[in-house]
Amino acid sequence: MSPLRTALLQNSGHPGDPAGNLKVLDEAAAGAAADGAGLLVTAEMFLTGYAIGGGGVRDLAEPADGPSGRAVAEIAATHGLAILYGYPESHEGAVYNSARLVGADGTELANYRKSHLYGCFERASFTPGDTPVVQATIGELTVGILICYDVEFPENVRAHALAGTDLLLVPTAQMHPFEFVAESVIPVRAFESQMYIAYVNRSGVEGEFDFVGLSCLAGPDGATCLRAGRGEELLLGDVAPKLLTTSRRINPYLRDRRPGLYSSLS
1 MSPLRTALLQ NSGHPGDPAG NLKVLDEAAA GAAADGAGLL VTAEMFLTGY
51 AIGGGGVRDL AEPADGPSGR AVAEIAATHG LAILYGYPES HEGAVYNSAR
101 LVGADGTELA NYRKSHLYGC FERASFTPGD TPVVQATIGE LTVGILICYD
151 VEFPENVRAH ALAGTDLLLV PTAQMHPFEF VAESVIPVRA FESQMYIAYV
201 NRSGVEGEFD FVGLSCLAGP DGATCLRAGR GEELLLGDVA PKLLTTSRRI
251 NPYLRDRRPG LYSSLS
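Per the UniProt record's numbering, the sequence shown starts with residue 1, numbered consecutively.
Here you go:
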């Protein structure tokens, strides 16, 4: 099984300017593809920016297959790599904080709606999604999606592990003073559920939010394969199926579970 070279785009982009962010995405996709990447992952609400207020969310929300979605599909097909991007999704009168995965040929592979909304802004602006596990296949890997706060609930990540997710994509908008999530929680989640996690954050200050960066790719061995600083970066690293196989053989967490003891959790 061949490794999947994965690019993590950490940036601030242009809040309130989807067209400007599409240009940023096109440039990043070109650079990532030139370095052999088969997948590019962006941050939460990449397409519009995060600190755009409830009015901005409503004004800029689009259907999954709207004009911006079609533009992302064209970028993916032009550069020949899959793209995961965050955006506000309008659907049947509701607005969701969503992440959409487009294949290297421009076709939609998956669309996930954030299920655990964080803070007053999100709860006032979005409807929570109710599908806990959304997956797709890229190459030989099963890829899953969560968004930011979702990954801080161990039940969410374990549900993906039990469903066979190899690589969990987590676009995020993590802010100060919660650096420990990127630094400590994410590698632990990857280890305890035996998967790779690509955690891709925003950077810089947007309105009242001070985003901490620190995007990372964590492996099933608990090691951080990639780690960004606080500024804008495009990181590339390999998701290695061989390491997944070896680590899962050695680590007994999933085999040693006793689900009958956990009924009180639900």
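For each residue, glycine too, the CB sits at the ideal point set by N, CA and C.
No experiment lies behind these values; they were computed from the predicted model shown.
Legend entry - Euclidean distance between Cα positions of residue 79 and residue 101: 15 Å
Inset, instruction - Determine the extent of the alpha helix (DSSP H) in which residue 210 is found, giving its start and end residues. - result: Here residue 210 belongs to no alpha helix (DSSP H); instead the beta strand (DSSP E) covers 209–212.
Legend entry - residue 122 in three-state terms, based on DSSP: helix
Inset, instruction - Starting from the Cα of residue 173, find the closest Cα among 243, 114, 37 and 3 and give me that residue. - result: 114
Inset, instruction - Under the assumption that residue 193 contacts residue 158 (Cβ atoms under 8 Å), give the Cβ distance between them as a whole number of angstroms. - result: 6 Å
Inset, instruction - Please name the residue or residues paired with residue 97 in a DSSP beta bridge. - result: 88
Inset, instruction - Between the Cα of residue 28 and those of 17, 46 and 15, spot the shortest distance and give me the residue it belongs to. - result: 46
Legend entry - Ranges of the alpha helix (DSSP H) found wholly within the segment 139–166, counting only runs of at least 4: 154–162
Inset, instruction - Return yes when the Cβ of residue 57 is within less than 7 Å of the Cβ of residue 12, no when it is not. - result: no
Legend entry - Boundaries (first-last residue) of the beta strand (DSSP E) holding residue 197: 196–200
Legend entry - Distance between residue 197 and residue 186 (C-alpha atoms, nearest Å): 7 Å
Legend entry - Rounded separation between residue 20 and residue 90 - CA only: 20 Å
Inset, instruction - Kindly indicate which three-state DSSP category residue 11 falls into: helix, strand or coil? - result: strand
Legend entry - Spatial distance of residue 34 from residue 257 (CA atoms): 43 Å
Inset, instruction - Can you tell me which of 230, 263, 264 and 219 puts its alpha carbon nearest to the alpha carbon of residue 242? - result: 219
Legend entry - Classification of residue 215 by the beta-carbon crowding that lies within 10 angstroms, buried from 16 upward: buried
Inset, instruction - Give the DSSP bridge partners of residue 111, in chain order. - result: 100
Legend entry - Whether residue 151 touches residue 170 by CB criterion (7 Å): yes
Inset, instruction - Classify residue 30 as helix, strand or coil using the three-state DSSP reduction. - result: helix
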